[in-house]
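Student:
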Amino acid sequence: EPEVTQTPSHQVTQMGQEVILRCVPISNHLYFYWYRQILGQKVEFLVSFYNNEISEKSEIFDDQFSVERPDGSNFTLKIRSTKLEDSAMYFCASSEDQGETQYFGPGTRLLVL
Amino acid sequence: AQSVTQPDIHITVSEGASLELRCNYSYGATPYLFWYVQSPGQGLQLLLKYFSGDTLVQGIKGFEAEFKRSQSSFNLRKPSVHWSDAAEYFCAVARNFGNEKLTFGTGTRLTIIP
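Residue numbers (our numbering), protein chains in the order written: chain C, 3 to 115; chain G, 18 to 131.
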């Protein structure tokens with residue numbers, strides 16, 4: 003069964019450093035999403051992406067964040083200058099069409115020191 | 018804006034017992050409703066979803082959920098739990114038009130005792 007994959011599974015970085023989290027959505031999916039889950043808290047929507055542009059973003063997704071689909075398969079989340087509060091599990095998701103089920107990847111656990 | 022409430026932070030049930038996890042949503046129209054499960058160290062797996070039609074939906078692993086519009090609820094049920102069901106369960110809601118960001122509840126942690 004096709005699945006969403008994410009790399010790396012874990013990343014540790016120093017505050018102020020840039021990180022790029024990578025995702026490979028399911029191949030025929032057109033809509034892509036990033037969510038995050040701070041330890042002990044709920045899963046929060048960050049951004050949705052379709053047709054090479056952001057469809058919607060939350061207030062969390064400020065100028066430090068950016069997303070990109072650099073080729074036909076990858077979908078990346080970049081945090082330009084990480085802060086301690088960016089430490090979280092970051093989930094990528096994809097869906098085949100608007101309103102269809104979102105399938106989640108296993109997540110990348112980011113720790114900012 | 019839509020919101021989801023899962024009033025039970027932690028539930029413990031005996032293996033073989035029945036289970037009901039509560040979920041209440043707030044949204045002006047009929048939303049899309051989902052239950053996801055997260056096992057330790059794993060991602061989010063979809064258990065079931067409700068978009069329209071029959072208000073009792075069947076999912077994977079023997080789970081079912083019932084949409085009750087009058088109560089704004091979408092409770093998850095299983096008649097007999099297995100030790101492997103121990104996990105965190107998240108209810109989520111999405112708008113029924115436009116780009117569907119998911120709004121999650123805070124989750125219910127399920128512990129199974131022998």
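Ideal Cβ placement from N, Cα and C applies to all residues, glycine included.
Being a predicted model, the structure only gives us computed values, none of them experimental.
Tell me the DSSP secondary structure of Arg86 (chain G) in three-state form.
Tutor: Of the three classes helix, strand and coil, the one that applies to Arg86 (chain G) here is helix, per DSSP.
Student: Between the stretch 123-130 of chain G and the stretch 90-109 of chain G, can you find at least three pairs of beta-carbon atoms closer than 8 Å?
Tutor: Yes, since at least three Cβ pairs between the stretch 90-109 of chain G and the stretch 123-130 of chain G fall closer than 8 Å, the two stretches touch.
Student: Go through its chain and collect everything with a Cβ distance to Leu113 (chain C)'s Cβ below 6 Å, but skip five positions before and after it.
Tutor: Val14 and Ser89.
Student: Mind listing the chain G neighbours of Lys44 (chain C)? Cutoff is C-beta to C-beta under 8 Å, in chain order.
Tutor: By Cβ distance, chain G contributes Phe107, Phe121, Gly122, Thr123 and Gly124.
Student: Enumerated in chain order, which unbroken segments of the beta strand (DSSP E) with a length of 3 residues or greater are wholly contained in the stretch 20-60 of chain G?
Tutor: With a minimum length of 3 residues, the continuous beta strand (DSSP E) runs that stay inside the stretch 20-60 of chain G are 20-22, 27-31, 36-38, 41-43 and 49-55.
Student: For the stretch 23-30 of chain C against the stretch 41-53 of chain C, do three or more pairs of beta-carbon atoms, one drawn from each stretch, fall closer than 8 Å, so that the two count as touching?
Tutor: Counting Cβ pairs under 8 Å, fewer than three are found: no touch.
Student: What did DSSP end up calling Glu117 (chain G) once you bin it into helix, strand or coil?
Tutor: The answer is coil: DSSP assigns Glu117 (chain G) none of H, G, I, E or B.
Student: For chain C, is any of its Cβ atoms less than 9 Å away from the one on Leu63 (chain G)?
Tutor: Leu63 (chain G) counts as touching chain C.
Student: Does the beta carbon of Glu58 (chain C) come closer than 9 Å to any beta carbon on chain G?
Tutor: Yes, Glu58 (chain C) counts as interfacial toward chain G.
Student: For Leu112 (chain C), report the span of its beta strand (DSSP E) as first-last.
Tutor: Segment Thr110 to Val114, the beta strand (DSSP E) holding Leu112 (chain C).
Student: Closer than 9 Å, CB to CB, is Phe67 (chain C) near chain G or not?
Tutor: No, Phe67 (chain C) lies away from the interface with chain G (no Cβ there is under 9 Å from its Cβ).
Student: Around the C-beta of Gln75 (chain G), are 16 or more other C-beta atoms found within 10 angstroms, so that it is buried, or is it exposed?
Tutor: Flag for Gln75 (chain G) reads exposed.
Student: Can you find at least 3 beta carbon pairs, one from the stretch 57-71 of chain C and one from the stretch 79-96 of chain C, that sit closer than 8 Å?
Tutor: Touching, yes.
Student: Enumerated in chain order, which unbroken segments of the alpha helix (DSSP H) with a length of 4 residues or greater are wholly contained in the stretch 45-74 of chain C?
Tutor: Within the stretch 45-74 of chain C, no complete alpha helix (DSSP H) run reaches 4 residues.
Student: Residues in its own chain within less than 8 Å of Asn53 (chain C) by CB, not counting five upstream and five downstream?
Tutor: Excluding sequence neighbours, Asn53 (chain C) sits near Leu32.
Student: Just by C-beta distance, which residues in the stretch 25-54 of chain G are closer than 8 Å to chain C?
Tutor: The stretch 25-54 of chain G vs chain C, Cβ under 8 Å: Tyr49, Phe51 and Tyr53.
Student: Please identify the residue among C:Phe93, C:Gln16, C:Thr110 and C:Arg71 whose C-alpha is closest to the C-alpha of Leu48 (chain C).
Tutor: Cα-wise, what sits closest to Leu48 (chain C) is C:Phe93.
Student: Give me the Cβ distance between Phe80 (chain G) and Leu63 (chain G), rounded to the nearest whole Å; I'm assuming they're in contact under 8 Å.
Tutor: Rounded, the Cβ-Cβ distance is 11 Å, inconsistent with contact.
Student: Which of the three DSSP states is assigned to Lys78 (chain G) in this structure?
Tutor: Reduced to three states, the DSSP call for Lys78 (chain G) is helix.
Student: Run through chain C and tell me which residues come within less than 7 Å of Gln14 (chain G), C-beta to C-beta.
Tutor: In the structure as shown, chain G begins at 18 and stops at 131. Residue 14 (chain G) is therefore absent and cannot be evaluated.
Student: Check the DSSP bridge columns for Phe107 (chain G) and list the partner residues they point to.
Tutor: Its beta-bridge partners are G:Tyr53.
Student: At 7 Å on the CB atoms, spell out the chain G contacts of Thr103 (chain C), in chain order.
Tutor: Leu63 and Lys66, listed in chain order.
Student: How many Å lie between Glu117 (chain G) and Glu32 (chain G) at the Cα?
Tutor: Rounded to whole angstroms, Glu117 (chain G) to Glu32 (chain G) spans 36 Å at the Cα level.
Student: Is the CB of Val26 (chain C) under 9 Å away from at least one CB in chain G?
Tutor: So no, Val26 (chain C) is outside the interface.
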